[in-house]
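Since the structure comes first, as C-alpha cells, the remarks are kept for the end.
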DNA sequence: GCGACAG
DNA sequence: ATCTTGTCGC
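In the working numbering, the protein residues as written are 39 to 264.
Shown next as C-alpha cells:
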C-alpha cells in the first residue's frame, strides 16, 4: 500500500548484489535427468503477494504437486529490480515442495536483463538449481534475424550489450515469448524445454502457476481443488 | 537529458 | 501485476 517509505537498502546497493550474483550464473546444462518441471509465478491482491510452485511430470505435463506461500509485498515493482520483490516469496513456496524438481520455469527473465540477473537467474543462484526464464514482454535487448527451426518454431536471438542473452520464441504464428537462461541450463535447452511444454502462449508449468497463484490470491477455493 | 522498462 | 463484462474471432 505504501512503498514510498525510504528503503533501508539503496538501489545502488541492490545493483551491486545483482552484479555479484550474475558472476555465479552457469549457462550450461547441469542436470542428468528431466523428469519433473516446476512452474513458478506470483500474483497480487492489494498489498499481499501469493506465490505458487506447481510441479508437473515432463512427460504428459500432468500436475503432481502444488505449493503456495503468501506474505505482504514488502518491495515495490521497479523495472530491473523485480527479483527483490518476488524471490523471497517464491523461495518460500519452493521450500514447501516435497517432490523432486529437475528444472524450474519462472515467469520472469533470466540473464535477459541489463545486468544479466533477472529474477529467474537470481532465484536459480539462491536455490543452486536449474532455472529457465520466460516472459511475454521484452525488457531489454535487440532482436536478431529470426530463424525458422525444423518443427515450425521461429527463434530470434536477443542481444544485450553484445551478448546473446535470450531468444524470442514463437510457434504457430502466435505472439512470441522471450526465453532466457536462468541458471545451470543452456539457452538451447531452455528454448527446447519451452517449446516442448508450449500448449498455449505460455509454457504449461508457468501457465498453471499463474492460474493457481491468482486463484489463491483471490480466495477461489473451487479452482484450487483439482 | 530523453526514453524504455519483466511482474 | 491489478482494476474489469461482454464480445469479436479462429
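All C-beta atoms in this analysis are idealised placements derived from N, C-alpha and C, irrespective of residue type, glycine included. Only a predicted model underlies this, so the values are computations on that prediction, with no experimental measurement involved.
Residue closest to residue i, alpha-carbon to alpha-carbon, out of the options
i, options, result
"residue 103", "128, 110, 94", "94"
"residue 196", "247, 148, 89", "148"
"residue 241", "121, 49, 100", "100"
"residue 133", "257, 184, 216, 165", "165"
"residue 151", "141, 110, 136, 172", "172"
"residue 128", "247, 262, 253", "247"
"residue 33", "251, 209, 250, 254", "Past the edges of the chain, shown from 39 to 264, lies residue 33, and the structure says nothing about it."
Residue i - containing alpha helix (DSSP H), residue span
i, result
"residue 121", "120-133"
"residue 244", "242-255"
"residue 163", "157-165"
"residue 262", "259-263"
Extent of the continuous beta strand (DSSP E) to which residue i belongs
i, result
"residue 201", "201-209"
"residue 95", "86-95"
"residue 189", "Taken as a continuous stretch (DSSP letters only), residue 189 belongs to no beta strand (DSSP E), as it is neither H nor E."
"residue 145", "Taken as a continuous stretch (DSSP letters only), residue 145 belongs to no beta strand (DSSP E), as it is neither H nor E."
"residue 78", "74-83"
"residue 98", "Counting along the chain, residue 98 falls outside any beta strand (DSSP E), and DSSP gives it neither H nor E."
Coarse secondary structure for residue i, derived from DSSP in three states
i, result
"residue 111", "coil"
"residue 55", "helix"
"residue 224", "coil"
"residue 235", "coil"
"residue 137", "coil"
"residue 45", "coil"
"residue 60", "helix"
"residue 103", "strand"
"residue 180", "strand"
"residue 229", "helix"
Per-residue burial, residue i [other beta carbons within 10 Å of its own, 16 or more giving buried]
i, result
"residue 74", "buried"
"residue 199", "exposed"
"residue 245", "buried"
"residue 76", "buried"
"residue 47", "exposed"
"residue 260", "exposed"
"residue 155", "buried"
"residue 256", "exposed"
"residue 65", "buried"
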